[in-house]
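Visitor:
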Amino acid sequence: MFNAESTDANELKLDEIIAIHKDVPPILIQATLKEVLNSINESELEIWYINQISVPMVDSLVGTLTKEDIESHYQF
Numbered sequence: 003m004f005n006a007e008s009t010d011a012n013e014l015k016l017d018e019i020i021a022i023h024k025d026v027p028p029i030l031i032q033a034t035l036k037e038v039l040n041s042i043n044e045s046e047l048e049i050w051y052i053n054q055i056s057v058p059m060v061d062s063l064v065g066t067l068t069k070e071d072i073e074s075h076y077q078f
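This is the structure in structure tokens:
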């Protein structure tokens, strides 16, 4: 059970983890795989996040997509 007041010695603080931060641009869920692949090739970024705008001005993260994902499942 989670206890917000816990001071357990094994407690992990996420803000203290060293991480690699990368730019991850959005792409709308309505985009075709060809459009995403073209965007990836033009930008040379490794990963894109898929978002859906369910209500105006509110983005919902749906998933992520990499060049490897597309190339392994998409026939040109």
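When the count follows the numbering used here, it moves up by one through the sequence shown with no breaks and lands on 78 for the last residue.
Ideal Cβ placement from N, Cα and C applies to all residues, glycine included.
(1) Is Asn12 helix, strand or coil by DSSP?
(2) Out of Ala21, Ile52, Val60 and Asp61, which has the shortest C-alpha to C-alpha gap to Asp71?
(3) Do you know offhand how far Ile42's Cα is from Ser62's?
(4) So, is Val38 buried or exposed, given that buried needs 16 or more other C-beta atoms within 10 angstroms?
(5) Using the three-state DSSP reduction, which class does Val60 fall into: helix, strand or coil?
(6) Please report how far the alpha carbon of Asn12 lies from the alpha carbon of Glu46, in whole angstroms.
(7) Cα separation between Trp50 and Ser56?
Guide: Taking the coordinates as given:
(1) coil
(2) Ile52
(3) 21 Å
(4) buried
(5) strand
(6) 40 Å
(7) 19 Å
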